[in-house]
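The listed protein sequences derive, respectively, from chains A and B. Numbers given in my numbering equal positions in the first sequence, counted from 1, plus 595. Numbers given in my numbering equal positions in the second sequence, counted from 1, plus 980. Even glycine gets a Cβ: it sits at the ideal position worked out from N, Cα and C. All values reported here derive from a predicted model rather than from experimental measurement. Working notes, structure below.
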Amino acid sequence: GDSVTQMEGPVTLSEEAFLTINCTYTATGYPSLFWYVQYPGEGLQLLLKATKADDKGSNKGFEATYRKETTSFHLEKGSVQVSDSAVYFCALRRQTGANNLFFGTGTRLTVIP
Amino acid sequence: GAVVSQHPSRVICKSGTSVKIECRSLDFQATTMFWYRQFPKQSLMLMATSNEGSKATYEQGVEKDKFLINHASLTLSTLTVTSAHPEDSSFYICSASDRAGPSPLHFGNGTRLTVT
């Protein structure tokens, strides 16, 4: 069935370090791919998305490229800030059918000054 | 932006009691709502999908008599955990969409349920 495998973490980085959180997926066809972020005490917020192969989603300095050949959607940021500390979820939505999402386990990122 | 309010954020209850979790869409009409749960170090797993005015559709392995979902209006869905047991302790989170097809999902803040 459809699934998302995400780097487990937790991840601790110093401010201005480079971030990569790996995400791979299993799905038929061409699912849409998402990264959600959950800041402490808040709900999940959409960070970025990509709906077809080779699309690059970007927002707030974060980027992820939809790689069909490697079934991956890794999240990257060149220089993290303390305010980026949160839990990050990779997710997919099937190409057809229901609107629900399949999530990875989430990766907790802590950025220290 | 679209806001989904989920209440309570944390609840502790005794084994055998029932707990109700509310999910409200504050500035849009939620045609469809999804309820997820997350065990420690595991993914958010879809429990059920509810459409306003109709019965919820439960995922395989989710007991519909234990997890009662009501979606009686376009702005409110409730999840009631009946006769809760310690193994029901989990993080429950709702999300809402304003239409049935592909569309942005808006999430509540989640509810941490602890059953003692």
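Between residue i and the rest of its own chain, which residues show a CB-CB distance below 6 Å, the 5 nearest in sequence each way excluded?
i: residue 995 (chain B); result: 1065 and 1095
i: residue 602 (chain A); result: 616, 617 and 702
i: residue 926 (chain B); result: Any answer about residue 926 (chain B) is impossible in this case: the structure gives chain B only from 981 up to 1096.
i: residue 682 (chain A); result: 633, 701 and 703
Can you check DSSP and say which residues form a bridge with residue i?
i: residue 1019 (chain B); result: For residue 1019 (chain B), which the question treats as bridged, DSSP gives no partner whatsoever.
i: residue 1076 (chain B); result: B:1013 and B:1086
i: residue 1008 (chain B); result: None; residue 1008 (chain B) has no bridge partner.
i: residue 706 (chain A); result: A:608
i: residue 1002 (chain B); result: B:987 and B:1058
i: residue 980 (chain B); result: Any question about residue 980 (chain B) goes unanswered here, given that chain B covers just 981 to 1096.
i: residue 1024 (chain B); result: B:1018
Roughly how many angstroms lie between the CA atoms of residue i and residue j, to the nearest whole one?
i: residue 1110 (chain B); j: residue 620 (chain A); result: The structure shown does not extend to residue 1110 (chain B), since chain B is modelled only from 981 to 1096, so the question has no answer here.
i: residue 647 (chain A); j: residue 627 (chain A); result: 7 Å
i: residue 690 (chain A); j: residue 1078 (chain B); result: 19 Å
i: residue 1026 (chain B); j: residue 608 (chain A); result: 31 Å
i: residue 1010 (chain B); j: residue 1053 (chain B); result: 8 Å
i: residue 653 (chain A); j: residue 677 (chain A); result: 19 Å
i: residue 1037 (chain B); j: residue 694 (chain A); result: 13 Å
i: residue 624 (chain A); j: residue 650 (chain A); result: 15 Å
i: residue 1071 (chain B); j: residue 992 (chain B); result: 12 Å
Report yes if the C-beta of residue i is less than 8 Å from at least one heavy atom of the ligand FMN; otherwise report no.
i: residue 1057 (chain B); result: Summarising the ligand content, the structure contains no ligands, and the ligand FMN is consequently not present.
For residue i, which residues in the same chain have their Cβ closer than 8 Å to its Cβ, ignoring the five residues on either side in sequence?
i: residue 1062 (chain B); result: 998, 1045, 1046, 1047 and 1048
i: residue 705 (chain A); result: 605, 606, 607, 608 and 680
Residues in its own chain within less than 7 Å of residue i by CB, not counting five upstream and five downstream?
i: residue 708 (chain A); result: 610 and 677
i: residue 698 (chain A); result: 599, 684 and 686
**Ordered list of alpha helix (DSSP H) runs contained in the region 615-690 of chain A, each at least 4 residues** = Those alpha helix (DSSP H) runs which fall completely within the region 615-690 of chain A and span 4+ residues do not exist here.
**Request:** Quick one: which unbroken beta strand (DSSP E) runs of 3-plus residues sit fully inside the region 1027-1069 of chain B? Chain order, please.
**Result:** Counting whole runs of 3 or more residues, the region 1027-1069 of chain B contains the beta strand (DSSP E) stretches 1047-1053 and 1056-1061.
**Item:** Within 7 Å of chain B by C-beta, residues of the region 691-708 of chain A in sequence order
**Value:** Residues 693, 694, 695, 696, 698, 699 and 700.
**Message:** Counting only Cβ-Cβ distances shorter than 7 Å, please list the residues of the region 1017-1031 of chain B near chain A, keeping chain order.
**Reply:** Per Cβ criterion, the list reads 1021, 1022, 1023, 1024, 1026 and 1029.
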